[in-house]
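Taking UniProt numbering, the leading residue of the sequence shown gets 1, the next gets one more, and so forth.
Glycine included, C-beta positions come from ideal geometry on N, C-alpha and C.
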Amino acid sequence: MKVGLFGANGRMGRVLIDALDQNENTVLSVATVRDDSPWVGMNVGELAGIGKKDVNCSAISSLSENDADVMIDFTLPVTLESNLKWCVDTKTPVVIGTTGLSETQLGLLDAAAQHIPIVFAANYSVGVNLMLSLVRQAASVLGHSADIEITEAHHRFKQDAPSGTAMAIGEAIADELGRDLKTCAVYGREGKEPERDQGTIGFATVRAGDIVGEHTALFADIGERLEITHKASSRLTFAKGAVHAAQWLHGKTPGLYSMVDVLNLKLNVS
């Protein structure tokens, strides 16, 4: 199966090159960068540090209809609209891992999914998606009495906060408890405040060094607490999940899918 990459020179783009090279059932057919990028023409294997391969980075304007069976996009939110438009125009399925999307950009995903199959997830790790199931189970048992806090840590270069994964964890918990995360989330505490409202879900964010990704959901009651934690030590975990999603997506009907669909996870345990 031919898989193409948007943003091959990004941190995830380089790891995806490696993941596709390791997968026996996929071939990297095209790897795009900005038209004015100094990486245009560079060999993708040398870019990813895995030795010379058969594909060079190409300008995104040179991308053509038959270059890929599925595209993968882990670029920035600003490029989402143009990348989606190309996929819709060429009827090319796409796996999207871009986080920090606005409500308007999420609407673009919904609109595009009327025409092509799309997998969109905040995190492509199998462990994180299993964690979404576990936090639902914990929320159904403890959520009406425990205080709930979500902490996350990432590398210094990550721009959106809280992370998309932290927000997905919060959404899963809020949904299980019948709450609206938009109204019950607390994103920062400072100074003297009233006693904590048990109905809120707190978020704390760390940005430091080269932390790949750590997430903890804390359920703290009087006398006991439960912590559910996932720690990633390599971006290759996410890349392999995205490649798996691309293989799953090939041949699907138009629609907006998630890793819940890809992994056939049952998240509603109530």
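Find the nearest neighbour of N9 within the set A112, C57, K2, K52, judged by alpha-carbon distance. The residue you call residue 9 lines up with position 9 of the sequence shown. When the alpha-carbon of N9 is set against those of A112, C57, K2, K52, the nearest one is in C57.
By the three-class DSSP mapping on this structure, what secondary structure does A68 have? For the purposes of this step, residue 68 is taken as residue 68 along the sequence shown, with counting starting at 1. In this structure, A68 counts as coil in the three-state DSSP scheme.
Beta-carbon proximity list for H250, same chain, < 6 Å, skipping 5 on both sides: By 1-based counting over the sequence shown, the position of residue 250 is 250. M1, D69, V70.
Note down, in chain order, each residue of its chain lying with its Cβ closer than 6 Å to the Cβ of N83, except the 5 sequence neighbours on either side. Residue numbering aside, residue 83 sits at position 83 when the sequence shown is read from its first letter. Result list for N83: F6, D73, in chain order.
Buried or exposed (CB count within 10 angstroms, at least 16 for buried), S62: Position 62 of the sequence shown holds residue 62. That one is exposed.
Where are the beta strand (DSSP E) runs, 3 residues long or more, that stay fully inside the UniProt domain "Dihydrodipicolinate reductase C-terminal" (127–263), in chain order? 147–154, 201–207, 213–221, 224–232, 255–257
Since G241 and V126 are thought to touch, with beta carbons under 8 Å apart, how far apart are those beta carbons, to the nearest angstrom? Here residue 241 is taken as the residue at index 241 of the sequence shown, counted from 1. Here residue 126 is taken as the residue at index 126 of the sequence shown, counted from 1. Indeed they touch by this definition, with Cβ atoms about 6 Å apart.
Are V50 and D89 closer than 8 Å when you measure CB to CB? In the sequence shown, the residue the question calls residue 50 occupies position 50. In the sequence shown, the residue the question calls residue 89 occupies position 89. According to the sequence shown, residue 50 is Ile rather than Val. Result no, Cβ atoms of I50 and D89 do not sit closer than 8 Å.
Judging by CA-CA distance, which residue of L263, R179, Y257, N264 is the nearest neighbour of P93? Your numbering for residue 93 matches position 93 in the sequence shown. Residue Y257 is the option with its Cα nearest to P93.
Of the residues L181, D54, A138, the one placed nearest D221, counting alpha carbons only: Within the sequence shown, residue 221 is the residue found at index 221, counting from 1. Minimum Cα distance to D221 is reached at A138.
Quick one: give me the first and last residue of the beta strand (DSSP E) that V3 is part of. What you label residue 3 is simply residue 3 of the sequence shown in a count that begins at 1. Residues 2–6.
Which whole-angstrom value is the C-beta distance of T243 and N23, which I expect to be below 8 Å? Sequence index remark: in the sequence shown, residue 243 carries index 243 (1-based). Sequence index remark: in the sequence shown, residue 23 carries index 23 (1-based). The question names Thr, yet the displayed sequence has Val at residue 243. So it is a contact: roughly 5 Å between Cβ atoms.
L103 classed as buried or exposed, judged by whether at least 16 other C-beta atoms fall within 10 angstroms: The sequence position of residue 103 within the sequence shown is 103, counting from 1. What sits at residue 103 in the sequence shown is Glu, not Leu. Exposed, since its Cβ has fewer than 16 Cβ neighbours within 10 Å.
By DSSP, does S37 sit in helix, in strand, or in coil? On the sequence shown, residue 37 is found 37 positions in, with the first residue counted as 1. In this structure, S37 counts as coil in the three-state DSSP scheme.
Starting from V94, trace the beta strand (DSSP E) both ways and give me its first and last residue. By 1-based counting over the sequence shown, the position of residue 94 is 94. According to the DSSP assignment, V94 belongs to the beta strand (DSSP E) that extends over 94–96.
Nearest to V78 by alpha carbon, out of L106, T253, V135, A166? For this step, residue 78 is matched to residue 78 along the sequence shown. Per the Cα distances, L106.
Between the stretch 180–198 and the stretch 226–241, do three or more beta carbon pairs fall short of 8 Å? no
E224: which of D147, V3, A111 sits nearest, CA to CA? Position 224 of the sequence shown holds residue 224. Selection D147, V3, A111 evaluated against E224 yields D147 as nearest (Cα-Cα).
Helix, strand or coil: which one does DSSP assign to N56? For the purposes of this step, residue 56 is identified with residue 56 of the sequence shown, where counting begins at 1. Residue state, collapsed to three classes: strand.
Using the C-alpha atoms, what's the distance from D197 back to G188? Translated into the one-based positions of the sequence shown, residue 188 becomes position 188. Translated into the one-based positions of the sequence shown, residue 197 becomes position 197. The straight-line gap from Cα to Cα measures roughly 14 Å.
Helix or strand or just coil, what does DSSP make of N83? Sequence index remark: in the sequence shown, residue 83 carries index 83 (1-based). In this structure, N83 counts as helix in the three-state DSSP scheme.
Assign P194 to one of two classes, buried (16 or more other C-beta atoms within 10 Å of its C-beta) or exposed (fewer than that). For the purposes of this step, residue 194 is identified with residue 194 of the sequence shown, where counting begins at 1. P194 should be labelled exposed.
Could you give the DSSP three-state label for S29: helix, strand or coil? Working through the sequence shown from its first residue, we reach residue 29 at position 29. DSSP places S29 in strand when its eight states are reduced to three.
Coil, strand or helix - I17 by DSSP: Taking the sequence shown and counting its residues from 1, one reaches residue 17 at position 17. In the structure shown, I17 sits in a helix (DSSP, three-state: H, G or I).
Cutting at 8 Å between CB atoms, please list the residues of its own chain near R235, excluding the five before and the five after it. Along the sequence shown, one-based indexing puts residue 235 at 235. Result list for R235: R11, M12, V15, V212, in chain order.
Nearest to G4 (by Cα), restricted to the options L76, I96, P38: The residue given as residue 4 occupies position 4 in the sequence shown. Of the listed residues, the one whose Cα sits closest to G4 is I96.
What residue range is occupied by the uninterrupted alpha helix (DSSP H) comprising V119? Within the sequence shown, numbered from 1, the residue matching residue 119 stands at position 119. Per DSSP, V119 belongs to no alpha helix (DSSP H); it is in the beta strand (DSSP E), 117–120.
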